[in-house]
Structure formats: C-alpha cells, structure tokens
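In terms of this note's numbering, the sequence shown opens at residue 70 and continues consecutively. Glycine included, each C-beta is placed from N, C-alpha and C at the ideal position. This structure is a prediction, so every number in the text was calculated from the model and none was measured.
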Amino acid sequence: MIPIKKISLSDEDVKSAEEVLRSGWLMQGEKVKTLEESFAAYTKSKFAIACSNGTSALHLALEALELKPGSKVIVPAFSWISTANAVLYANLEPVFCDIDLDDFNISIPELEKLVSPEIKAIIPVHQFGNPAKMKSIISLAKKFDIKIIEDAACAMDAKEGETYAGTTGDTGTFSFHPRKAITSGEGGMVITQNEAVAKKLRTLRNHGFDNEAGEEFEISGKFTHLGYNYRMTDIQASLLISQLKRAKKLHKKRQEIAEYYTEKLQKINWLKLPQEIPGTTHGWQSYVCMVKTAEPTPENTDKNKHLRDKMIKALETAGIQTRFGSIAIPTVKYYATRYGYTPGSYPNSYIAQQTSIALPIYDTLTEAEAEYIVKNISEI
Ligand SMILES: Cc1ncc(COP(=O)(O)O)c(C=O)c1O
70 MIPIKKISLS
80 DEDVKSAEEV
90 LRSGWLMQGE
100 KVKTLEESFA
110 AYTKSKFAIA
120 CSNGTSALHL
130 ALEALELKPG
140 SKVIVPAFSW
150 ISTANAVLYA
160 NLEPVFCDID
170 LDDFNISIPE
180 LEKLVSPEIK
190 AIIPVHQFGN
200 PAKMKSIISL
210 AKKFDIKIIE
220 DAACAMDAKE
230 GETYAGTTGD
240 TGTFSFHPRK
250 AITSGEGGMV
260 ITQNEAVAKK
270 LRTLRNHGFD
280 NEAGEEFEIS
290 GKFTHLGYNY
300 RMTDIQASLL
310 ISQLKRAKKL
320 HKKRQEIAEY
330 YTEKLQKINW
340 LKLPQEIPGT
350 THGWQSYVCM
360 VKTAEPTPEN
370 TDKNKHLRDK
380 MIKALETAGI
390 QTRFGSIAIP
400 TVKYYATRYG
410 YTPGSYPNSY
420 IAQQTSIALP
430 IYDTLTEAEA
440 EYIVKNISEI
C-alpha cells in the first residue's frame, strides 16, 4: 500500500530522541527551548512557543488575545474542526466564512461582508499549505481593529514573497501531527513578534505559572492566569530539532512531487488541480484536487462526489491510500445541531468537502510510485 503519508525518521532523528530518553529529563526543558529558537529562526519570527499540538496552539493564541467572553471570531467554514473548536474552548463565538474553490482559502468578498465592529478576531487558515491572501485580510482587519491568528497548521515552508506564513498576524500557529511537514506524533507551535504576547503564551501553556511574577520563593503569586498543561516534551522537541535541519530539503521533494502530479494530471478534464498562486510558495502539506465531472455547483455536488468516491475506491483497490481534503465544519453534526446550519449555508465549503481528494505526497514517495498513482488515476 502507498500510504497517504509515510513518516521517515532518519538515524539522526532517532539518535537525537534516544539521547533525550537516556538523559533522565523527558518533559519540557532545554530541548524545547532549542526547538523554539530554531523554529523562530526558520520562520524569521521573534518568538516561538512550543505546545502539545496544533489545537492547543490555537486555543493558547485565542486566549492570549484577552477578548471579552462571547466575542465573535471569523473562521473559514472549510478547515479541520480544531479551527472552530478552539474558538469555543476560549468562550468565544465562531462566525463562519465561506471559501474560494480556487485555493480552498477564506474568500475575500465573503470576508468583506462579515467584518464589522462586532468581529474581534479572524483565523485565516493557510489551507493545505497554500498561503491565504494575507494582504487583503490584514487591510480588512485594520478597518475595525480586528486581531489575526494565522492557522498555519499545514503551512510550514509556505511563503508570500519571502514572508513566511504565520508571521504577519498577531500570532501564527503550527501543528506537528504526522501528516505535517515535520512531526513529533503530536506537537504544536505558536509564533509571534510581540514580546508581551509571547510571555502570556508561555504562562498559559504551563498552568498559568509566571516565574517572574510575585515575590521570590512565594509560589502563590506566580499562578497569575487560568492556564493549561499544554507543554511539549523534550522527546518530541528533539525529534523536531533534528527534522527541522532538513526541512528545506523535505519541502523541495514535496514541491517536485506536486510539479510532477500537475504536469501529468492536467490533461484529465474532470480533475481540478491545486494551483500555486503567483508570488507565493506553496508548503505542499497536501496535494488536494477537486473532482468536477460537472461544474462545481451545489446542484452538481452529488454527481461530482459520486466520481470522487469512485476514485477513492479505485485507488484503494490499486493499493493507493487517499483522503478527503478537509471538512465543512458548519455541516458536521455538532455544529449543524448547535447552530442549525445546512450544506447551503456555506456552499463552497460543502462542495470542497464532498468532492476533494488528497493524494500521497511525502519525501520518500518514489518516482515509480508517483508514476503508478498517475497511471491509476488516468485509468479511472
Ligand atoms: C488547519 C488545521 N488547524 C488545526 C489543526 C490541529 O492540529 P493538531 O492535530 O496538531 O491538533 C489541523 C490538523 O490537522 C489543521 O489541519
């Protein structure tokens, strides 16, 4: 079976984790600090705060904004469920915004309709590693003093010009889940250019404990906030430090595979391929196509889904694992029940959920495997 993603840890990655395992110190320590410094340098940002996963990164980033409970936060309607869940964890209200089917990112015309003095934050997602249109988002946010958290869970290596995804908002969040560019099984990171926000994030991730607060040797004065145990372990950090050293190479390999797929699959007229927006660098966390045997409209969704599902089955039979792209959050049972949304509430997000398909993309995917995948798609 060609899996959707294969994790290939090098001997050096394993050695680096083994050193920690034998060191007698497993929890958050020097390795986490080193990773934070390396990650900040990698993304050219001032501060990086490691945490337990991409979801806790979003939760921390939202709480660090210190918004009034119930404040409204715009979230793309097509994303992993955490983007919206984190808003609810922080006692805030998600306001969904539909996406553009060209890049699966938040739609600027739709966002324009939603921004108002009531909106206190926006969470643009750089979906599958394709940079969201940050310039337009920032200019809309400025009108009403709206904060921005970039959900860059899938967007390591993604850039607009030379600016890394995650660095232009108030904060940017990352995930180190196994499907991401580098992984520690579970793991997350928040980056920011603001020292006060960085300090708050560090406090919140560690039970609300601020070592610099209160009197020396007076423990009570140091628990300044309602915090969480969202720490990363040194074992996880050691794996990430090691992979970060070759992250650029891993990204180049994913770029090559994406180029190969695009070159070979463009003649298939029922597939809409992902595009790299001119002037940007796609992170290629995933290569997500849309099946469009008919125009991608709500009326044609069942027809397109039928072919998408057939494609998943045919590839599975050929030993190729695929996945759906992401989810139309408002239509999942919990959100649909809580807010009464239907597939028609955010039509593009629903179309994207029903008709998208992610192909295997990772550094150790061989040319022969990529060729085999293309051949099998061409024969559907
Ligand atoms: C866009 C997006 N946001 C947040 C997350 C959550 O990350 P994690 O699984 O590390 O909690 C993911 C994970 O897939 C994601 O794709």
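C-alpha gap between alanine 437 and leucine 95, whole angstroms: 40 Å
Beta-ladder partner(s) of glycine 358, from DSSP: What sits at residue 358 in the sequence shown is cysteine, not glycine. BP columns for cysteine 358 point to Ile426.
Minimum length 3: unbroken beta strand (DSSP E) runs contained in the segment 356 to 408: 356 to 360
Contact test: alanine 153 Cβ vs ligand 1 heavy atom, cutoff 6 Å: Checking the Cβ of alanine 153 against ligand 1 gives no.
Closer than 6 Å: glycine 254 CB and nearest ligand 3 heavy atom: Ligands in the displayed structure: ligand 1; ligand 3 is not one of them.
Residue interval of the beta strand (DSSP E) (run including threonine 293): Where threonine 293 is concerned, there is no enclosing beta strand (DSSP E), given that its DSSP letter is neither H nor E.
The segment 273 to 285 / the segment 222 to 234 touching (three or more Cβ pairs under 8 Å): Inter-segment contact for the segment 273 to 285 and the segment 222 to 234 is absent: fewer than three beta-carbon pairs are separated by less than 8 Å.
Proximity test, glycine 235 beta-carbon vs ligand 1 heavy atom, cut-off 6 Å: no
Valine 144: first and last residue of the uninterrupted beta strand (DSSP E) it sits in: 141 to 145
Cβ distance (whole Å) where lysine 212 is taken to contact alanine 190 below 8 Å: Actually they are not in contact, since the Cβ atoms of lysine 212 and alanine 190 sit about 14 Å apart, beyond 8 Å.
Span of the alpha helix (DSSP H) around phenylalanine 108: Element bounds for phenylalanine 108: 99 to 111.
Residue interval of the beta strand (DSSP E) (run including alanine 190): Run containing alanine 190: 188 to 191, per the beta strand (DSSP E) assignment.
Check whether aspartate 82 and leucine 308 have beta carbons under 7 Å apart: yes
Neighbourhood of leucine 161 by C-beta distance below 8 Å, restricted to the same chain and skipping five residues each side: Leu131, Leu136, Pro138, Gly139, Ser140, Lys141, Val142, Lys189, Ala190
Serine 244 - DSSP class collapsed to helix/strand/coil: strand
Proximity winner among Met301, Glu325, Ser121, Lys249, relative to alanine 44 (alpha-carbon distances): Residue 44 is absent from the structure shown; the chain starts at 70 and stops at 449.
Per-residue burial, tyrosine 330 [other beta carbons within 10 Å of its own, 16 or more giving buried]: Buried, because 16 or more other Cβ atoms sit within 10 Å of the Cβ of tyrosine 330.
Sheet register partners of tyrosine 233 (DSSP bridge): In the DSSP output, where bridge partners are listed per residue, tyrosine 233 has Lys228.
Span of the beta strand (DSSP E) around methionine 70: No beta strand (DSSP E) holds methionine 70; DSSP gives it neither H nor E.
Span of the beta strand (DSSP E), counted from its first residue to its last, around asparagine 118: The sequence as given places isoleucine at residue 118; asparagine does not occur at that position. Taken as a continuous stretch (DSSP letters only), the beta strand (DSSP E) holding isoleucine 118 covers 116 to 120.
For lysine 341, the three-state DSSP class (helix, strand or coil): strand
Threonine 331 - containing alpha helix (DSSP H), residue span: 316 to 334
Neighbour-count burial assignment, phenylalanine 286, 16 or more Cβ in a 10 Å radius: exposed
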